[in-house]
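A.B. asks: Here the sequence shown is numbered in the numbering used here, starting from -18 and rising by one per residue. Note that beta-carbon positions come from the ideal geometry of N, C-alpha and C, so glycine has one too. Attaching a single structure in structure tokens format; questions to follow.
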Amino acid sequence: MAVAVAPDLEHLSAEDVLRYAVEHHPRLSVACSFQKEASVIMDMTLRIEPAVRFFSIDTGVLFDETYETWRTVERHYGIEVEHFDASRPGPGSWTGPELCCSERKVAALHRALQPSDAWVTGLRREHSPERAGTAKLHWDDRNGLWKLNPLADWSDRDVWRYIAENDVPYNPLHDRGYDSIGCAPCTLPATGRDGRWAGTARTECGLHA
């Protein structure tokens, strides 16, 4: 089946990209990693459409601070973030990122996106060379739906400015030197994504490959 040509949203602000997403995709889903970008997107989206669906993928080995941020944003906004388990066959079976960051997370994402016709992420071009070409809207071949990245052209300073100006709750690990926050066994404090899989050459978990 042919996919429609994506409209050009590159000139739009993050708010307008989200407004486009809400208006054109009635089965929109927003991915939530409980990092600072996710906090911005959650706050921004709920100002546009309070009934939007949010989901998160739980590996079973997230930081305690991430789980607390999850509870905090749910209380703050009066919402529920849907939970999708990527810890199979069990939380105690984690042995490294090879399986966790590929098969398990990708399978959980596939389940999460089943009811969706588009999804929103917090990817930014500034994150890494691999993300430098991130479009604000593109067709996601792997999952068979549209993918929107409203913050693609934002800088780190833009993210923090929005958080400060709108009193947005965010993961406290960012204040402890964690620029990028993944799972507790793999992530160390570092600039950019350098600490995400500390001591390895890995740059992505598989969800955005």
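1. Might you give, ordered along the chain, the residues of its own chain that have their beta carbon closer than 6 Å to the beta carbon of Thr40, omitting 5 neighbours on each side?
2. What do you reckon, are the CB atoms on Tyr58 and Met23 nearer than 9 Å?
3. Give the secondary structure of Asp(-3) by DSSP, where H, G and I count as helix, E and B as strand, and everything else as coil.
4. Quick one: residues in its chain with C-beta nearer than 7 Å to the C-beta of Asp137, no 5 flanking neighbours on either side, listed in chain order?
5. Report yes or no: do the segment 15 to 33 and the segment -11 to 6 share at least 3 C-beta pairs separated by less than 8 Å?
6. Rounded to whole angstroms, what is the Cα-Cα separation between Arg142 and Leu129?
7. Can you grab the Cα-Cα spacing for the pair Ile60 / Val33, in whole Å?
8. Which residue wins for smallest C-alpha separation from Pro110, given the options Val42, Glu(-4), Gly173 and Leu43?
9. So, for Phe36: in the same chain, excluding its five sequence neighbours on each side, which residues have a beta-carbon less than 7 Å away from its beta-carbon?
C.D. replies: In short:
1. Ala67, Ser68, Cys81 and Cys164
2. yes
3. helix
4. Glu107
5. yes
6. 22 Å
7. 10 Å
8. Gly173
9. Ser10, Ala12, Cys13, Val62, Glu63, Phe65 and Ala93
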